[in-house]
């Protein structure tokens, strides 16, 4: 079993770290809000560190799940960051959704780095069934994959440094378009006075079927939007995708439009509602 530093014990990181502890690994955790780290240790065992460097010192692996590029840079490259304290043979795994640029920057700073954003949301983290898209070297993946298996249903090594983050952008671009189409379809069905359960039964087994339809059709119809992945986070992710598209020349008209639609839902008070709240901006 490995000695692991886990940095970021929030909604996603906390459950992932718990799965590692259940698997028998020994964890030292750090969280910017110390009370969260202490609560995690009280529930799961392990120890609390005073800084990312203290958490990382002497460990076999350091795993992070923080907020954004600036947070990730601070906990890795900052004055009390993990990189200065890590063993040369330790692997660093980042589950934060960030830019491909910082993923490549971290990979250039250390030999064993995996950018590994996840899909599956809070439920996937709680149930240990996340999908993880990974960028990094083969050696880094070989070190990281046995650890990630504790909380993942699917782990795919997509390519070199930054490829994991770019794949997460692909994921969010696809979700944005599907949710807009689903929102319009639901409102059309309501305007037509159709039985929504019958409509779902009729279309969910054919070409229109999607994960969003299967899991969100009924809840969107019931105005329930409390399923974890907040619109604030989706806008952050779409912003990363749109920035990357400006660099690689891709054209993302639907993603850009849906991003602005999400801005409208934020102004309606939906910033912390999940992404299916996109339907709120369409009148019933």
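In the working numbering, the protein residues as written are 5 to 288.
We put the beta carbon where it would ideally sit given N, CA and C, even for glycine.
- C-alpha of residue 239 to C-alpha of residue 55: approximately 29 Å in a straight line.
- With a minimum length of 3 residues, the unbroken runs of beta strand (DSSP E) contained wholly in the stretch 153-224 fall at 156-163.
- Secondary structure at residue 280: helix, using DSSP grouped into helix, strand and coil.
- Taking a C-beta distance under 7 Å as the contact criterion, residue 117 and residue 142 do not qualify as a contact pair.
- With respect to the C-alpha of residue 171, the residue from 107, 198, 67, 10 having the closest C-alpha is 107.
- Shown here, residue 265 sits in a helix according to DSSP, grouped into three states.
- Rounded to the nearest angstrom, the gap between the Cα atoms of residue 268 and residue 225 is 19 Å.
- Cβ contact annotation for residue 119 (same chain, cutoff 6 Å, sequence separation greater than five): 98, 107, 139, 168, 169, in chain order.
- Distances from the alpha-carbon of residue 59 to those of 281, 84, 130 put 84 closest.
- Between residue 259 and residue 287, the alpha-carbon positions lie close to 21 Å from each other.
- Cβ neighbours of residue 111 within its own chain (closer than 7 Å, five residues either side excluded): 117, 140, 165.
- Residue 256 carries a coil assignment under DSSP once its states are collapsed to helix, strand and coil.
- Collapsing the DSSP output to three states places residue 247 in a helix.
- Ranked by Cα distance from residue 263, the first of 77, 236, 253, 76 is 236.
- Within the model, the alpha-carbon separation for residue 30 versus residue 5 is close to 7 Å.
- Residue 96 places its beta carbon less than 7 Å from that of residue 66.
- Here residue 138 is bridged, per DSSP, to 161.
- In the three-state DSSP reduction, residue 32 falls in the strand class (E or B).
- With a cutoff of 7 Å on beta-carbon distance, residue 233 and residue 277 are scored as not near each other.
- Around the beta carbon of residue 137, a 10 Å sphere encloses 16 or more other beta carbons of the protein chains shown; the residue is thus reported as buried.
- Residue 102 carries a coil assignment under DSSP once its states are collapsed to helix, strand and coil.
- DSSP places residue 27 outside both helix and strand once states are collapsed to three, so it counts as coil.
- Taking 7 Å as the cut-off, the Cβ atoms of residue 187 and residue 283 count as close.
- Relative to the Cα of residue 19, the nearest Cα in the group 152, 272, 103 belongs to 152.
- Counting only runs of 3+ residues, the beta strand (DSSP E) found wholly inside the stretch 58-106 occupies 65-68, 95-98, in chain order.
- Here the C-alpha atom of residue 285 lies approximately 31 Å from the C-alpha atom of residue 133.
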